[in-house]
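Below is one structure, written out as structure tokens, with a few remarks after it.
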Amino acid sequence: MNSPEIKAFIRENSHLFWWIKPEEKENIGLGHVLNVA
453 MNSPEIKAFI RENSHLFWWI KPEEKENIGL GHVLNVA
């Protein structure tokens, strides 16, 4: 489960995670976030 800060980052930058279904974006792994960011 991602922290509120990571979820906020994902929401603000959701266009970077275009291949992930919208309802699943907030639950993506931290590795995905770090690789894209």
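With the working numbering as the guide, the letters of the sequence shown map in order to residues 453 to 489.
Heads up, the beta-carbon is just placed ideally off N, CA and C, and yes, glycines get one too.
Keep in mind the model is a prediction, meaning the values are calculated, not measured.
According to the DSSP assignment, F461 belongs to the alpha helix (DSSP H) that extends over 456-464. Taking the C-beta atoms as reference points, I462 is found nearer than 8 angstroms to K477.
Taking the Cβ atoms as the reference, I480 lies roughly 6 angstroms from F469, within the contact range of under 8 angstroms. Rounded to whole angstroms, the gap between the alpha carbons of S455 and L482 is 10 angstroms.
Secondary structure of G483 (DSSP, three-state): helix.
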